[in-house]
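K.L.:
Chains A and V, in that order, give the protein sequences.
If you read the first sequence in this note's numbering, its first letter stands for residue 1, the second for the next number, and so on.
If you read the second sequence in this note's numbering, its first letter stands for residue 1001, the second for the next number, and so on.
Beta carbons are placed, not taken as given, at the ideal position from N, Cα and C, and that holds for glycine.
I have a structure here, written as structure tokens, and I will follow up with some questions on it.
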Amino acid sequence: MSVVIVGAGQGGFQAAWSLRMEGYDGSITLIGDEPYLPYQRPPLSKGFLLGKQELESVTLRPEKFYSDQRIELRMGECVASIDRAARKVVLASGSSVPYDSLILATGARVRRLADREALYLRGRDDAAQLKDRLDRAESVAVIGGGFIGLEVAAAARMLGKEAAVVEIQPRLMQRVVAPVVSDFFRELHETHGVRLMLGSGDVPRADLTVAGVGVIPNVELALEAGLTADNGIVVDEHLRTADQNIFAIGDCSKHAQRGRLESVQNAVDQAKCAAANIAGKTQVYAAVPWFWTDQFDAKLQMAGLSGGADRVVLRGSPPKFSVFYFRGGKLIAIDSISRPADHMMARKLLAAGVEVSAEQAADENFALASLVNR
Amino acid sequence: MPLFGKKETVTINYISHAGVKKPIAVTVGNSVMEGAIRNGIDEIVAECGGAAQCGTCHVYVEEQWLPKLPPMQDDENAMLDTTLCPRRPNSRLSCQIPVTKELDGLTVHTPEAQV
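In structure tokens:
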């Protein structure tokens, strides 16, 4: 048996390790196009930019881990194509690697602005360049009021730089959070001296321009191999593509019902699910989505998916509060701001699928734990 | 090969659920979690990479060391309620314990499982 994993980010790394933890004993080849050992991205826009963390510290495991686990690393290698009939991946260098099962964990790449020079933040090299330029700049203009843009703006201010954020939408993180959360973060950033330009496309002059305007999933390999992709490689509930031997996980994967998500949680949990299915189990992907972002002294933690919510209820009040999102009376998501206990409870409530009323959610004296610990 | 050049280290003792003790030279400034994952202590998983978001770097700290550790923050406290193996009074997330010179000899027990 042999498993080939294309993409050595968080998902690819986890898939390799989870295969071993599931007892899979065949060969594992992990192919990545960057020259680095698999690494984690979240600190690149947080601790690393702030100078609290060295770049090398993002490395997930040392080389010895892979030799101990019998995971063959092919770093700095690009995959040119997938030969589904012959069940092999063809590398740009000309060699090919046969597979019985193939996991596509190809991730996503930043969306680039056509009309403007800007720095972007996705990988280690981006982060190193941004950190270097940021340290030498006095002012920074950030295009995009999403997670990456706001984390960069917060880091810039904490380093004593002038920072402005330009966002074409009228509020921050509009795609994923309720207005009350956007408003809280607007005030937070303004209090810390970030100039926010909402509903605007005018980028102010600055020493450095950084853009965080979303990503594009890397689906080309899958498409060229005849698999279905539309803003993500389409997979079923077991994370299989239309080809029973090929799985897609993480940022590049589009779950037929749940859509495509960009997060560590999604990459890790999908990797575990795909690994289990390859190792002979039958597992349906059903993990509760969660995500976090750190901006100044506030931590936003999100559980569930709030899209389509028709009612929001607050528990607590700013600067520490949670927002409960309901759709048709059913709890679908909870965002917590500096209330980590609520967030952990949110994951439990959503995983258990228990009924929570809006009144219970809003009542701080009501113990939500009583709903899951029965 | 160490990830960084030569730096000051102290000894952290990791004792597995089976009772196997591994003394590891951990660089001052790294966390107890980082000391584990960089040195083959696979009983520490650390899925979130050290952000107190996943609860998979859970350890039981030998009692005499508890007063020397930094106080627990709200996020660590909340996360410890979700660990796979039960929380005990000496439970900590190893990602939230930066290694200092004062922690030379710190002994932690890894739980039976993290995930």
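Quick check: the Cα distance between G76(A) and D1081(V), rounded to an integer number of angstroms?
P.N.:
Here the question's residue 76(A) lines up with position 76 in the first sequence. Here the question's residue 1081(V) lines up with position 81 in the second sequence. Each residue's alpha carbon lies about 40 Å from the other.
K.L.:
Out of curiosity, what's the CA-to-CA distance linking R195(A) and S96(A)?
P.N.:
Counted from its first residue, the first sequence places residue 195(A) at position 195. Counted from its first residue, the first sequence places residue 96(A) at position 96. Spanning the two alpha carbons is a distance of roughly 52 Å.
K.L.:
Assuming C78(A) contacts L91(A) under a Cβ cut-off of 8 Å, what Cβ separation, rounded to an integer in Å, is found between them?
P.N.:
Translated into the one-based positions of the first sequence, residue 78(A) becomes position 78. Translated into the one-based positions of the first sequence, residue 91(A) becomes position 91. Contact flag correct, Cβ pair sits at about 7 Å.
K.L.:
Hey, is the region 335–347 of chain A in contact with the region 300–319 of chain A, meaning 3+ C-beta pairs nearer than 8 Å?
P.N.:
Flag = yes, the region 335–347 of chain A and the region 300–319 of chain A touch.
K.L.:
Counting only beta-carbon atoms, is K52(A) nearer than 8 Å to chain V?
P.N.:
Against the first sequence, residue 52(A) aligns to sequence position 52. No, K52(A) lies away from the interface with chain V (no Cβ there is under 8 Å from its Cβ).
K.L.:
Is there a C-beta anywhere in chain V that falls below 8 Å from the one on A118(A)?
P.N.:
The residue labelled residue 118(A) in the question sits at position 118 within the first sequence. False, the Cβ-Cβ gap to chain V never drops below 8 Å.
K.L.:
Whole angstroms is fine: what's the gap from K88(A)'s alpha carbon to A164(A)'s?
P.N.:
Reading the first sequence from its first residue, position 88 is the one you call residue 88(A). Reading the first sequence from its first residue, position 164 is the one you call residue 164(A). Cα to Cα, K88(A) sits roughly 48 Å from A164(A).
K.L.:
Name the residue from T282(A), Q295(A), P217(A), P42(A) whose alpha carbon lies nearest to the alpha carbon of L159(A).
P.N.:
Numbered from 1 along the first sequence, position 159 holds the residue referred to as residue 159(A). Per the Cα distances, Q295(A).
K.L.:
Report the rounded CA-to-CA distance for W290(A) versus Q40(A), giving the unit in angstroms.
P.N.:
In the first sequence, the residue the question calls residue 290(A) occupies position 290. In the first sequence, the residue the question calls residue 40(A) occupies position 40. For W290(A) and Q40(A), the distance between alpha carbons rounds to 16 Å.
K.L.:
Could you tell me whether the Cβ of Q1053(V) comes closer than 8 Å to any Cβ of chain C?
P.N.:
Absent from the structure is chain C; the protein chains it does hold are A and V.
K.L.:
Using a Cβ-Cβ cutoff of 7 Å, what residues of the region 1073–1094 of chain V are near chain A? List them in chain order.
P.N.:
Result list: D1074, D1075, A1078, M1079, D1081, T1082.
K.L.:
Return no unless some Cβ of chain A is closer than 8 Å to the Cβ of E1112(V).
P.N.:
Locating residue 1112(V) in the second sequence gives position 112, where the first residue counts as 1. E1112(V) does not count as touching chain A.
K.L.:
Under DSSP, the beta strand (DSSP E) around L227(A) begins and ends at which residues?
P.N.:
Within the first sequence, the letter at position 227 stands for residue 227(A). No beta strand (DSSP E) holds L227(A); DSSP gives it neither H nor E.
K.L.:
Any heavy atom of the ligand NAD within a distance shorter than 7 Å of the CB on G12(A)?
P.N.:
In the structure shown, the ligand NAD is absent, as is every other ligand, since no ligand is present at all.
K.L.:
If you compare alpha carbons, which of G149(A), Q10(A), V6(A), I143(A) is closest to S200(A)?
P.N.:
For this step, residue 200(A) is matched to residue 200 along the first sequence. Closest option to S200(A), Cα to Cα, is I143(A).
K.L.:
Which residue or residues does DSSP assign as beta-bridge partners of D83(A)?
P.N.:
Here residue 83(A) refers to the residue found at position 83 when the first sequence is read from its first residue. D83(A) pairs with K88(A).
K.L.:
Give a yes or no on contact between the region 341–353 of chain A and the region 302–322 of chain A, applying the rule of three or more CB pairs nearer than 8 Å.
P.N.:
The region 341–353 of chain A vs the region 302–322 of chain A: in contact.
K.L.:
Extract the residue ranges of the beta strand (DSSP E) inside the region 186–211 of chain A, only unbroken runs of 3 or more that lie entirely within it.
P.N.:
If we require 3 residues or more, the beta strand (DSSP E) runs fully inside the region 186–211 of chain A come out as 195–198, 208–211.
K.L.:
Going by DSSP, which residues form a beta bridge with M302(A)?
P.N.:
Position 302 of the first sequence, counted from the start, is the residue given in the question as residue 302(A). F291(A), D335(A).
K.L.:
In chain A, which residues lie less than 8 Å from G1049(V) when you measure between Cβ atoms?
P.N.:
Translated into positions along the second sequence, residue 1049(V) becomes position 49. Neighbours of G1049(V) on chain A, chain order: Q40, P42, P43, V58, L60, V264.
K.L.:
Which ranges would you report for the beta strand (DSSP E) in the region 9–45 of chain A if only whole runs of at least 3 residues count?
P.N.:
For the region 9–45 of chain A, whole beta strand (DSSP E) runs of length 3 or above, ordered along the chain, are 27–32.
K.L.:
Quick one: using the 10 Å Cβ neighbour count with 16 as the cut-off for buried, is M1(A) buried or exposed?
P.N.:
Residue 1(A) sits at position 1 when you count from the first residue of the first sequence. Looking at its Cβ environment, which holds fewer than 16 other Cβ atoms inside 10 Å, M1(A) is exposed.
K.L.:
Going by DSSP, what residue range makes up the beta strand (DSSP E) through M75(A)?
P.N.:
Locating residue 75(A) in the first sequence gives position 75, counting from the first residue. Per DSSP, M75(A) belongs to the beta strand (DSSP E) from 71–75.
K.L.:
Using 10 angstroms around the beta-carbon of K376(A), count the other beta-carbons present and answer buried if the total reaches 16, otherwise exposed.
P.N.:
The first residue shown for chain A is 1 and the last is 374, placing residue 376(A) beyond what the model contains.
K.L.:
Taking Cβ to Cβ, would you say A1113(V) is nearer than 8 Å to C1085(V)?
P.N.:
Here residue 1113(V) is taken as the residue at index 113 of the second sequence, counted from 1. Here residue 1085(V) is taken as the residue at index 85 of the second sequence, counted from 1. Yes. Within cutoff.
K.L.:
Taking the alpha-carbon positions, what's the R339(A) to D1074(V) distance?
P.N.:
Working through the first sequence from its first residue, we reach residue 339(A) at position 339. Working through the second sequence from its first residue, we reach residue 1074(V) at position 74. Roughly 8 Å separates the two Cα atoms.
K.L.:
Starting from the beta carbon of M344(A), find every residue of chain V whose beta carbon is closer than 7 Å, and list them in chain order.
P.N.:
Against the first sequence, residue 344(A) aligns to sequence position 344. Under the 7 Å cutoff, chain V gives A1078, M1079, D1081, T1082.
K.L.:
Is K64(A) close to chain V? Criterion is C-beta to C-beta, closer than 8 Å.
P.N.:
Here the question's residue 64(A) lines up with position 64 in the first sequence. Chain V contact via Cβ: present.
K.L.:
How many angstroms separate the CA atom of P1002(V) from the CA atom of I1041(V)?
P.N.:
Along the second sequence, read from residue 1 onward, the residue named residue 1002(V) stands at position 2. Along the second sequence, read from residue 1 onward, the residue named residue 1041(V) stands at position 41. Residue confidence is low: P1002(V) scores 48 on pLDDT, short of 50, so the model does not pin down where it sits. Its coordinate-derived value is still stated next. Cα-Cα distance, rounded: 15 Å.
K.L.:
Buried or exposed: which applies to S253(A), given that a residue is buried once 16 or more other Cβ atoms fall within 10 Å of its Cβ?
P.N.:
As a working note, residue 253(A) is residue 253 in the first sequence. Looking at its Cβ environment, which holds 16 or more other Cβ atoms inside 10 Å, S253(A) is buried.
K.L.:
At the 8 Å Cβ level, is V340(A) part of the contact set with chain V, yes or no?
P.N.:
The residue labelled residue 340(A) in the question sits at position 340 within the first sequence. Inspection of the sequence shows that residue 340(A) is occupied by Pro rather than by Val. P340(A) counts as touching chain V.
K.L.:
Are there 16 or more other CB atoms within 10 angstroms of the CB of K52(A), so buried, or fewer, so exposed?
P.N.:
Stepping through the first sequence from its first residue, residue 52(A) is reached at position 52. So K52(A) counts as exposed.
K.L.:
So, using beta-carbon positions, are L55(A) and R124(A) closer together than 8 Å?
P.N.:
For the purposes of this step, residue 55(A) is identified with residue 55 of the first sequence, where counting begins at 1. For the purposes of this step, residue 124(A) is identified with residue 124 of the first sequence, where counting begins at 1. Yes, these two residues count as a Cβ contact at 8 Å.
K.L.:
Is V1020(V) buried or exposed, if buried means 16 or more other CB atoms sit within 10 Å of its CB?
P.N.:
Counting from 1 along the second sequence, the entry for residue 1020(V) is found at position 20. Per the 10 Å Cβ criterion, exposed.
K.L.:
What in chain A is Cβ-close to E1034(V), meaning under 8 Å?
P.N.:
If you number the second sequence from 1, residue 1034(V) lands on position 34. The contacting residues are S57.
K.L.:
Please work out which residues of its chain come closer than 6 Å, Cβ to Cβ, to W17(A), disregarding the five sequence neighbours upstream and downstream, and give them in chain order.
P.N.:
Indexing the first sequence from 1 puts residue 17(A) at position 17. Counting only Cβ-Cβ distances below 6 Å, and skipping sequence neighbours, we find nothing.
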